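At position 310 of the sequence shown (counting the first as 1) the number is 309 in numbering that gives the first Met the number 0, and the numbers step up by one without a gap. Glycine residues also receive a C-beta, built at the ideal position from the N, C-alpha and C atoms. Computed from a prediction, not measured in an experiment: that's the story for all the values here.
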Amino acid sequence: MSDAQPHPDTPTPVDIVVVGSINADLTVRVARHPSPGETLLGSGGVITPGGKGANQAVAAALQGGSVAMVGAVGADAHADPATELLRSSGVDLSGVATVEETTGLAVITVSDGGENTIVVVPGANATVTAEFVEERAPLIRSARAVLLQGEIPAEGFAAAARLSTGRMVVNLAPVIEVDRQALLAADPIMANEHEAGLILEQLGAGISSDVPEELVSALLDAGFPSVVLTLGAHGALVGDATGLTRIPTPRISAVDTVGSGDAFAGAFVARLVAGDDLVTASRHAARVGAFAATGHGAQTSYPGPDDQLPEV
Ligand code: RIB
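Listed below in structure tokens is the structure:
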């Protein structure tokens, strides 16, 4: 990590640059989620590494990608646990700054039924502005693929899109209002059904249907060259100018789905830069996402190169 120093002019080349969030995840397990005003007892309370950006970077690195992260953490006790798996999975952290704000924090509850709620305090992630991103231009320009999410300021997102010279993959989670041209450069846009509806609304192309095929067609009609619609336990639906393809997912017994969408996104980009087409990359990503749902936490549940992925 650097202390908010600009990235060197001649960075070590990497295939994938993730410009995104780094969080400390504070996870508690509860029998059921509390109602407003109610106090419940839970268990857990351990800090594990998270943040959609960092999660996707780690997943891509564990699937063989050479990955660099652009983001920020605070000079506090959460910075080390938040970056531990980025470091151990070999992600280049020269684009990560230590800033005055506190490390991003996600407060997560996971119920016995497997449902989760997440509240994110952005902290240092809010400093990933256009200026911050532009200071790391050589690194971003050098990448064959840039992977973005919605947990950094919209101006940082737009700057990263402008600087991207390779393929840009966007998982706009959460859905924030971003520059239209930057958003439509996503190839593919990756979203779940809820996010897809919000993205269409943002583009002034909202539809009343939640039928996956209609959502993907509407996103293609809105101007995205390609789309990956993730459907949880029902896999995914991939679309581009050649048509739509259903991607199956393995049947697994899910214990914690926090971060499994990020595992899908990271693995997908790793395979895309390795030469897979959209459909082949998505088939692999669905198996990685399913594996991640069988373990606890986000990055702590991701498969490494030696792990056996579930079969479809
Ligand atoms: O997608 C899961 C992630 O969302 C968590 O790791 C949490 O940090 C929030 O960013």
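Asked                                                                                                                                                                     : Found
Going by DSSP, what residues sit across from Leu330 in a beta bridge?                                                                                                     : The chain is shown from 0 up to 311; residue 330 falls before or after that span and cannot be answered.
Check this for me: beta carbons of Gly49 and Asp24, under 8 Å apart or not?                                                                                               : yes
Select from Ala185, Ala217, Ala144, Thr248 the residue whose C-alpha is nearest the C-alpha of Glu200.                                                                    : Ala217
How would you call Ala335, buried or exposed, if buried means at least 16 neighbouring beta carbons within 10 angstroms?                                                  : Residue 335 cannot be examined here, being either before or after the span of the chain that is shown, 0 to 311.
For Glu194, is the classification buried or exposed, using 16 other Cβ atoms within 10 angstroms of its Cβ as the cut-off for buried?                                     : buried
On the three-state DSSP scale, how would you describe Gln201?                                                                                                             : helix
Output the distance between the C-alpha atoms of Gln148 and Gly258, rounded to the nearest integer angstrom.                                                              : 13 Å
Taking 7 Å as the cut-off, is the CB of Gly258 close to at least one heavy atom of ligand 1?                                                                              : yes
Check the C-beta distance from Gly63 over to Pro304 and give it rounded, since I have them as a contact under 8 Å.                                                        : 6 Å
Rounding to the nearest angstrom, what Cα-Cα distance links Ala76 and Leu84 in this structure?                                                                            : 16 Å
For the alpha helix (DSSP H) holding Leu277, just list the boundary residues, first then last.                                                                            : 277 to 291
Excluding the 5 residues preceding and the 5 following Ala30 in the sequence, name in chain order all residues of the same chain whose CB lies nearer than 6 Å to its CB. : Asp111
At what residues does the alpha helix (DSSP H) containing Ala53 begin and finish?                                                                                         : 51 to 61
Could you pull out every residue in the same chain whose Cβ sits closer than 6 Å to the Cβ of Asp255, ignoring the five residues on either side in sequence?              : Val109, His295
Sorted by chain position, which residues of the same chain lie with C-beta nearer than 6 Å to Ala105's C-beta, five sequence neighbours on each side aside?               : Asn22, Asp24, Gly49, Ile117, Val119
Rounded to a whole number of angstroms, what is the C-alpha to C-alpha distance between Leu236 and Pro211?                                                                : 7 Å
Please find out if some non-hydrogen atom of ligand 1 comes closer than 7 Å to the beta-carbon of Val95.                                                                  : no
Is Val268 near ligand 1 - that is, is its Cβ less than 7 Å away from at least one heavy atom of it?                                                                       : no
Quick one, which of Asp8, Ser300, Ala292 has its alpha-carbon nearest Glu114's?                                                                                           : Ala292
Where does Val13 land, buried or exposed, given buried means 16+ other C-beta within 10 angstroms?                                                                        : buried
Just checking my contact of Glu313 with Gly52 at CB under 8 Å: how many whole Å lie between their CB atoms?                                                               : Because the chain here runs from 0 to 311, residue 313 falls outside it and cannot be looked at.
Quick one, which of Glu213, Thr11, Leu202 has its alpha-carbon nearest Thr244's?                                                                                          : Glu213
Can you tell me where the alpha helix (DSSP H) holding Gly155 begins and where it ends?                                                                                   : 153 to 162
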